[in-house]
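Peer 1: Take the sequence shown: its letters are residues 182 to 451, numbered as in my numbering. Have a look at the structure that comes next, please.
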Amino acid sequence: MYKIAVVDDDEHWCLEIQSFFQKSFEVTTFPGIPYSLHELVDYDLVIAYSSLKPEEGYGKNSHGFEIIRFLKSHVLNPPLLVIASDSLSKSEVDIGRKAFPEADDFFTKDAGLEELLQQTLYLLNSKKKKLFQQSNQAVPDIKAMYTMAVVDDDKHWCFTIDRFFRNEFEVYSFPTAADFLKQSFEFDLVIVDYSIPPLDYENYVESRELIHYLKNLRYPPLVLLVSGYVSKNDSALAKNICPEADGFCAKDAGLDELSRTIKDLLSCKK
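Next comes the structure, spelled out in structure tokens:
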């Protein structure tokens, strides 16, 4: 499990981050500057608040961007370093990125926890993919990791999928079809839950509509329909629910069966 450090004197926000991220990451919060900034080296990603209150003995190093500057200049392989701010809105995120070019990314607190989670996953998986590609530069036949999107409101199921496939895929999860359609990444495989409930403030896009949209893209991904309402014994019948999907797997079939189905689909696409 990835380890994340949050350096922020807003205890309420730290608690929210810790509670929301705990299923995906091991989160440690620092309400003030660590005794030694080298304590942060052991984390995979550090989120530092841009306007920390100065603490005696630290001087300007108490600001988030100074923490990042220190780690970037004093550590050979620093963790991913992110600035978080509540002085800019999410519509001004590009301004923040230009203001803090040494940071790996810039988060605005008003973006919401779900968006921050997806940004964090994207950063960590991008770094993992880069390391994977570098390690295989001498072996050109090895393909970089496949990318997988899971469109499902069941957070436990998404978490299980991420943990089971993390060594083979970059996994991103989206609670609704509308959330998925907001992103701009291209995926090799999209797993769509048959029953995706809408959020109150979103236009509802049901699973078959989403699959129809995906399969009519210029470069369509493989699409696997899954369901917890149809058992593995009825899988033949379930395939008629959405013929446009490349495959179907009942959730009660188990992760090994899901993995076999996915590998069969990918081998047929090659």
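Cβ coordinates follow ideal geometry from the N, Cα and C atoms, glycine included.
Secondary structure at G277, three-state DSSP: helix, strand or coil?
Peer 2: For the purposes of this step, residue 277 is identified with residue 96 of the sequence shown, where counting begins at 1. Helix.
Peer 1: Using C-beta distances below 6 Å, list every residue in its chain close to P356, excluding the 5 sequence neighbours before and after it, in chain order.
Peer 2: Residue mapping note: residue 356 aligns to position 175 of the sequence shown, counting from 1. Same-chain partners within the cutoff: D334.
Peer 1: Report the rounded CA-to-CA distance for I443 versus L405, giving the unit in angstroms.
Peer 2: By 1-based counting over the sequence shown, the position of residue 443 is 262. By 1-based counting over the sequence shown, the position of residue 405 is 224. For I443 and L405, the distance between alpha carbons rounds to 8 Å.
Peer 1: For a quick check, are the C-beta atoms of F251 and I264 less than 9 Å apart?
Peer 2: Residue 251 sits at position 70 when you count from the first residue of the sequence shown. Residue 264 sits at position 83 when you count from the first residue of the sequence shown. The answer is no: Cβ separation not under 9 Å.
Peer 1: With a threshold of 16 other CB atoms inside 10 Å of the CB of S272, please say whether the residue is buried or exposed.
Peer 2: Working through the sequence shown from its first residue, we reach residue 272 at position 91. So S272 counts as exposed.
Peer 1: Using a threshold of 9 Å, state whether the C-beta atoms of L370 and M329 are closer than that.
Peer 2: Within the sequence shown, the letter at position 189 stands for residue 370. Within the sequence shown, the letter at position 148 stands for residue 329. Yes, these two residues count as a Cβ contact at 9 Å.
Peer 1: Measure how close the beta-carbons of K396 and E425 come, nearest whole angstrom, since I'm counting them as under 8 Å.
Peer 2: Residue mapping note: residue 396 aligns to position 215 of the sequence shown, counting from 1. Residue mapping note: residue 425 aligns to position 244 of the sequence shown, counting from 1. So it is a contact: roughly 5 Å between Cβ atoms.
Peer 1: Quick one: complete alpha helix (DSSP H) runs, 4+ long, within the stretch 243-299?
Peer 2: 245-255 and 274-280
Peer 1: Whole-angstrom Cβ separation of K336 and K253, contact assumed at under 8 Å?
Peer 2: The residue labelled residue 336 in the question sits at position 155 within the sequence shown. The residue labelled residue 253 in the question sits at position 72 within the sequence shown. K336 to K253, Cβ: 34 Å. No contact.
Peer 1: Quick check on C195: buried or exposed, where buried means 16 or more other Cβ atoms within 10 Å of its Cβ?
Peer 2: Translated into positions along the sequence shown, residue 195 becomes position 14. Burial call: buried.
Peer 1: Would you kindly work out how many angstroms separate the C-alpha atoms of S266 and S232, rounded to a whole number?
Peer 2: Taking the sequence shown and counting its residues from 1, the one referred to as residue 266 is at position 85. Taking the sequence shown and counting its residues from 1, the one referred to as residue 232 is at position 51. If you take the alpha carbons of S266 and S232, they lie about 7 Å apart.
Peer 1: Tell me E390's beta-bridge partners as DSSP assigns them.
Peer 2: Here residue 390 corresponds to residue number 209 of the sequence shown, with the count starting at 1. Answer is none; E390 lacks a bridge partner.
Peer 1: Quick check on DSSP: helix, strand or coil for K184?
Peer 2: The residue labelled residue 184 in the question sits at position 3 within the sequence shown. DSSP places K184 in strand when its eight states are reduced to three.
Peer 1: Rank S408, K432 and P401 by C-alpha distance to the C-alpha of K450 and give the top, closest one.
Peer 2: On the sequence shown, position 269 is the one that residue 450 refers to. It is P401.
Peer 1: CA-CA distance, D433 and L257?
Peer 2: In the sequence shown, counting from the first residue as 1, residue 433 sits at position 252. In the sequence shown, counting from the first residue as 1, residue 257 sits at position 76. Distance between the alpha carbons of D433 and L257 is about 46 Å.
Peer 1: Does DSSP put F201 in a helix, a strand or coil?
Peer 2: Numbered from its first residue, the sequence shown carries residue 201 at position 20. In the structure shown, F201 sits in a helix (DSSP, three-state: H, G or I).
Peer 1: Within the same chain, show all residues whose beta-carbon is closer than 6 Å to that of V187, passing over the 5 residues directly before and after it, in chain order.
Peer 2: As a first step, residue 187 must be located in the sequence shown, where it is residue number 6. Same-chain partners within the cutoff: C195, I198, T210 and I228.
Peer 1: According to the Cβ coordinates, are F288 and I249 closer than 9 Å?
Peer 2: Within the sequence shown, the letter at position 107 stands for residue 288. Within the sequence shown, the letter at position 68 stands for residue 249. Contact: no.
Peer 1: Whole angstroms are fine: how far does the CA of S412 sit from the CA of L294?
Peer 2: Working through the sequence shown from its first residue, we reach residue 294 at position 113. Working through the sequence shown from its first residue, we reach residue 412 at position 231. One C-alpha to the other measures close to 34 Å.
Peer 1: Helix, strand or coil: which one does DSSP assign to L447?
Peer 2: In the sequence shown, counting from the first residue as 1, residue 447 sits at position 266. In this structure, L447 counts as helix in the three-state DSSP scheme.
Peer 1: Nearest to E207 by alpha carbon, out of Y183, V332, L269 and K363?
Peer 2: Numbered from its first residue, the sequence shown carries residue 207 at position 26. Among Y183, V332, L269 and K363, the Cα nearest to that of E207 belongs to Y183.
Peer 1: Using 9 Å as the limit for Cβ to Cβ distance, is S448 near chain C?
Peer 2: No chain C appears in the structure shown, which is made up of a single protein chain.
Peer 1: Leaving out five residues on either side along the sequence, give the residues of the same chain with a beta carbon under 8 Å from the beta carbon of E283.
Peer 2: By 1-based counting over the sequence shown, the position of residue 283 is 102. Once the five neighbours on either side are set aside, the close Cβ partners of E283 are F246, I249, R250, K253 and L262.
Peer 1: Pop quiz: F345 and L436 are said to be a contact at Cβ under 8 Å. What is the actual Cβ separation, rounded to whole angstroms?
Peer 2: Residue mapping note: residue 345 aligns to position 164 of the sequence shown, counting from 1. Residue mapping note: residue 436 aligns to position 255 of the sequence shown, counting from 1. Taking a contact as a CB-CB distance under 8 Å, the pair F345 and L436 counts as one, their CB atoms being some 5 Å apart.
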